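Just so you know, the working numbering puts the end of the sequence shown at 421, numbered straight through with nothing missing. For reference, the structure discussed in these notes is given below.
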Amino acid sequence: MALVDLPRPDIEAGLESAHRAYEEFAARGLSLDITRGKPGSDQLDLSADLLTAVTAENYRAPDGTDTRNYGGLDGLLELREMFGELFSVPASQLLAQGNSSLTLMSQALVFASLFGTADEDSVPWASGPRRILCPVPGYDRHFGLAEALGFELVTVPQDDEGPDMDAVRALTAEDPSVKGIWIVPMYSNPTGITVSEARAKELLDLETAAPDFRILWDNAYGLHHLREPHAALLDILGLAAASSRPDRVWMFASTSKITLPGAGVAFFAASPRDTDWFRKHLSPTSIGPDKVNQLRHLHFFGTPDGVRAHMEKHAALVLPKFEAVERILAEELGDLGIATWTAPNGGYFITLTVLPGTADRVVKLAAEAGVKLTPAGATHPYGLDPDNAVIRIAPTMPSLDEVEQAARGLAACVRLAAHEALLA
Ligand code: PLP
């Protein structure tokens, strides 16, 4: 029977056993960290050969470019072709840049804020109030970046297919200060949902008061399948081109969680017009990206299939950790009715939803017992989850054994916090 339906004396009895389980776990004095979506060192080892993939003998790109020198603002053509195929983007509309897609998101927002977009009627976004829609639960750094650049963050609920379009319509129809929406279209951070084609088309067709409204389409996990059925990567720029708003999408991606997060390659893509716009504003800031690193990636993968095969190796390392969390949460919490959790087919996160009002208590209990979790609320604008219920679990970085221990301890915290809340 669900815990919430039990008579009070039974919950009181349960509290004692929940306490005991928690104290036993805490007494082990562990130090575990499931806070951030970083690859494990075994995953980084998969890219060991990347570090030596360019030498004094092979520093020229296939078209003869000496990658050691200045120039080539768009990035290496052959790498753009490779990732263009993987992300369904023509190479001419894909720019390969430095190591961080977040930096490219920041640049796009800064350019729009200072200069306006390429739309005829666009004025610099920073010349007035500006808002950005944030589907929740979402990625804390998206929210933090927009906030740092002066955007007001506006929460939008989402379901398994993407943002709630009634809410999006209500917020964008009359308010020209709503300039964009964050979207993680595949295996979203942190819920693991994938935006459906129907929902993507609704976003493209949306009538907005802002003439220069943009979808910030962050394909961070577009190649990160863990198990079948794989989600399908949408040809979002093709869909945009076929819609009445061909310039509505700015797409971002990177190899951060494909090769090395500190030394990968990030990508920007958009319509031909908006790609020109981005390049125009990028041009004064750089003579060109790190082409040596781009060539390393080209040599390392060889072909798009080389990337796909590499991602299967990641999945083989990561999937057992996801399965362990799912199995342990089911064993410990399955029939109590005090938590639900996602079981995504790709990406980097599991979202755990606990009894409303208890997420911050769970995080605190876990910290005191040696399990570090992302702060409760981090998945929402301004760090405020109104239900205080969502916890993001990132199982990739610790070892499998550590993930199992952390999940067991986390479950003990969820149980204890739920008992406390129901008896309060
Ligand atoms: N976008 C999403 C949705 C992420 O989850 C992350 C990292 O966790 C990033 C972007 C960071 O990307 P990058 O390393 O390319 O800056």
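C-beta: ideal position from N, C-alpha, C; glycine also. Predicted model, so just to flag it, every value in this text is computed and none were measured.
Asked                                                                                                                                                               : Found
Would you mind working out which of 118, 45, 183 and 359 sits nearest residue 230, comparing C-alpha positions?                                                     : 183
Would a C-beta distance cut-off of 7 angstroms place residue 422 and residue 409 closer than the cut-off?                                                           : Since the first residue of the chain shown is -2 and the last is 421, residue 422 is not available in this structure.
Between which two residues does the beta strand (DSSP E) containing residue 155 stretch?                                                                            : 149 to 156
What distance in whole Å lies between the Cβ atoms of residue 90 and residue 269, which are believed to be in contact at a cut-off of 8 angstroms?                  : 6 angstroms
Would you give the residue range spanned by the alpha helix (DSSP H) that residue 483 belongs to?                                                                   : Limits of the chain in this structure are -2 at one end and 421 at the other, which puts residue 483 out of reach.
Which residue from 419, 250, 413 and 163 puts its Cα closest to that of residue 21?                                                                                 : 413
Does any heavy atom of the ligand PLP sit closer than 6 angstroms to the C-beta of residue 143?                                                                     : no
Please state the DSSP three-state secondary structure of residue 128.                                                                                               : strand
Once you ignore the five residues that flank residue 352 on each side, which residues in its own chain have a CB closer than 6 angstroms to its CB?                 : 335, 415 and 418
I'd like to know whether the C-beta atoms of residue 132 and residue 160 end up nearer to each other than 7 angstroms.                                              : yes
Quickly, what does DSSP pair residue 140 with across the bridge? List them, please.                                                                                 : In the DSSP output, where bridge partners are listed per residue, residue 140 has none listed.
Could you tell me the distance, in whole angstroms, from the CA atom of residue 124 to the CA atom of residue 113?                                                  : 9 angstroms
Does the distance from the C-beta atom of residue 257 to that of residue 97 stay below 7 angstroms?                                                                 : no
Is residue 36 helix, strand or coil when you go by DSSP?                                                                                                            : coil
Does any heavy atom of the ligand PLP sit closer than 6 angstroms to the C-beta of residue 290?                                                                     : no
Taking 6 angstroms as the limit, name every residue whose beta carbon sits nearer than that to some heavy atom of the ligand PLP, in sequence order.                : 34, 97, 98, 99, 136, 181, 186, 215, 217, 251, 253, 258 and 263
Could you check whether residue 94 and residue 281 sit closer than 7 angstroms to each other, using their CB atoms as the reference points?                         : no
Write down the C-beta distance between residue 173 and residue 149 rounded to the nearest angstrom, noting that I regard them as a contact closer than 8 angstroms. : In fact, because the Cβ distance is near 13 angstroms, the residues do not count as touching under 8 angstroms.
Go through its chain and collect everything with a Cβ distance to residue 296's Cβ below 8 angstroms, but skip five positions before and after it.                  : 50, 51 and 55
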